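One structure is given below, encoded as structure tokens.
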Amino acid sequence: INGIFETIFKILTDFMGGFVSEPGMKWGLAIILFTILFNIIVFPLNWKAMKSSKKMTAIQPELKKIQERFKSDPQRLQVEQSRLMKENGVSMFGGCLPMRLQWPLFIALFNVFRELASDGTLSNLKFTPLINDLSLTKNIALTVLTVATMYLTTWLTQKGQEKTLSPE
Numbered sequence: 001i002n003g004i005f006e007t008i009f010k011i012l013t014d015f016m017g018g019f020v021s022e023p024g025m026k027w028g029l030a031i032i033l034f035t036i037l038f039n040i041i042v043f044p045l046n047w048k049a050m051k052s053s054k055k056m057t058a059i060q061p062e063l064k065k066i067q068e069r070f071k072s073d074p075q076r077l078q079v080e081q082s083r084l085m086k087e088n089g090v091s092m093f094g095g096c097l098p099m100r101l102q103w104p105l106f107i108a109l110f111n112v113f114r115e116l117a118s119d120g121t122l123s124n125l126k127f128t129p130l131i132n133d134l135s136l137t138k139n140i141a142l143t144v145l146t147v148a149t150m151y152l153t154t155w156l157t158q159k160g161q162e163k164t165l166s167p168e
């Protein structure tokens, strides 16, 4: 997977070279485009996990009733829960499995960026006035940007889920 990602990243960098001559801007924009492309690649997995989560939330009250009714009979509880999930098209692993499939992709992506930083490719490349070196690990501007995007993503996800979640 690393090799595939490296190839895609180099193609994007060459593509950006046609528009931008400054090396830092070329690499910085290629990183942004690569990240967007990566998110497009994993979107189907995220979508499947979100759909499964919504379905599971919808049947949660019924699952609680079944748990109360059959709490003394674990075997029957399992059968009834499986039946309810099958009737509603819910998979027990539908929410977590797609997310677990993404981990190898995240690790490969991390390794590509780590390799670019360690081999000196990104050293001394200025992306913006606030990011003087794309390979530095203690870049406050980059850290603030990362935290802000993570916060925005989390906030948007929560806003999207508020419509389907029950008050409890």
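For the sequence shown, counting from 1, position 92 maps to 92 in this note's numbering; every step adds exactly one.
The C-beta atom is built at its ideal place from N, Cα and C for all residues, glycine as well.
Just so it is clear, the structure is predicted and the values come from calculations on it, not from any experiment.
Q.
Tell me whether the segment 69-81 and the segment 132-139 touch, counting them as touching only if at least three CB pairs, one residue from each stretch, are closer than 8 angstroms.
A. Contact between the segment 69-81 and the segment 132-139 is absent, because fewer than three Cβ pairs lie under 8 angstroms.
Q. Going along the chain, which residues of its own chain have a beta-carbon closer than 7 angstroms to the beta-carbon of Val112, five neighbours each way excluded?
A. As a working note, residue 112 is residue 112 in the sequence shown. Taken in chain order, the residues that qualify are Asn2, Phe5, Glu6, Phe9.
**Q.** Whole-angstrom distance between Thr137 and Met16, CA atom to CA atom
**A.** One-based indexing of the sequence shown puts residue 16 at position 16. One-based indexing of the sequence shown puts residue 137 at position 137. Cα-Cα distance, rounded: 24 angstroms.
Q | Gly3 - containing alpha helix (DSSP H), residue span | A | If you number the sequence shown from 1, residue 3 lands on position 3. 2-17 is the extent of the alpha helix (DSSP H) around Gly3.
Q: Take Gln75 and list the residues in its own chain whose beta-carbon comes closer than 7 angstroms to its own, dropping the five residues that flank it on each side.
A: Here residue 75 is taken as the residue at index 75 of the sequence shown, counted from 1. Around Gln75: no qualifying Cβ.
Q) How many whole angstroms separate the CB atoms of Leu12 and Leu45, which I take to be in contact at a CB cut-off of 8 angstroms? A) By one-based count along the sequence shown, residue 12 stands at place 12. By one-based count along the sequence shown, residue 45 stands at place 45. The beta carbons of Leu12 and Leu45 sit about 22 angstroms from each other, so the pair does not count as a contact at 8 angstroms.
Q. When you compare only the Cα positions, how much space is there between Val90 and Lys64?
A. Against the sequence shown, residue 90 aligns to sequence position 90. Against the sequence shown, residue 64 aligns to sequence position 64. If you draw a straight line from the Cα of Val90 to the Cα of Lys64, it comes to about 15 angstroms.
Q | Alpha-carbon to alpha-carbon, Lys54 and Leu37 | A | Residue 37 sits at position 37 when you count from the first residue of the sequence shown. Residue 54 sits at position 54 when you count from the first residue of the sequence shown. Distance between the alpha carbons of Leu37 and Lys54: 26 angstroms.
Q: Return helix, strand or coil for Gly89, following the three-state DSSP convention.
A: Translated into positions along the sequence shown, residue 89 becomes position 89. DSSP places Gly89 in coil when its eight states are reduced to three.
**Q.** Member of Thr35, Gly24, Pro23 whose CA lies at the smallest distance from the CA of Thr146
**A.** The residue you call residue 146 lines up with position 146 of the sequence shown. It is Thr35.
Q: From the DSSP output, in three-state form, read off Leu37 for me.
A: As a first step, residue 37 must be located in the sequence shown, where it is residue number 37. Annotated three-state conformation of Leu37 is helix, per DSSP.
Q) Cβ of Asn88 within 7 angstroms of Cβ of Ile41? A) As a first step, residue 88 must be located in the sequence shown, where it is residue number 88. As a first step, residue 41 must be located in the sequence shown, where it is residue number 41. Their beta carbons are not under 7 angstroms apart, which means Asn88 does not touch Ile41 by this criterion.
Q) Apart from the five residues on each side of it in sequence, which residues of its chain come closer than 8 angstroms, Cβ to Cβ, to Met85? A) In the sequence shown, residue 85 corresponds to position 85, counting from 1. For Met85, where only same-chain residues beyond five positions count, the Cβ hits under 8 angstroms are Ile59, Ser91, Met92.
**Q.** Gly24 and Leu116 closer than 7 angstroms at C-beta
**A.** Indexing the sequence shown from 1 puts residue 24 at position 24. Indexing the sequence shown from 1 puts residue 116 at position 116. Contact flag unset, no.
Q. With DSSP run on the structure shown, which of helix, strand or coil describes Pro74?
A. Walking along the sequence shown from the start, residue 74 turns up at place 74. Note: Pro74 maps to helix in three-state DSSP.
Q) Does DSSP classify Gly28 as helix, strand or coil? A) For the purposes of this step, residue 28 is identified with residue 28 of the sequence shown, where counting begins at 1. In this structure, Gly28 counts as helix in the three-state DSSP scheme.
Q.
Whole angstroms are fine: how far does the CA of Tyr151 sit from the CA of Met56?
A. Locating residue 56 in the sequence shown gives position 56, counting from the first residue. Locating residue 151 in the sequence shown gives position 151, counting from the first residue. Note on geometry: alpha-carbon atoms of Met56 and Tyr151 lie some 25 angstroms from one another.
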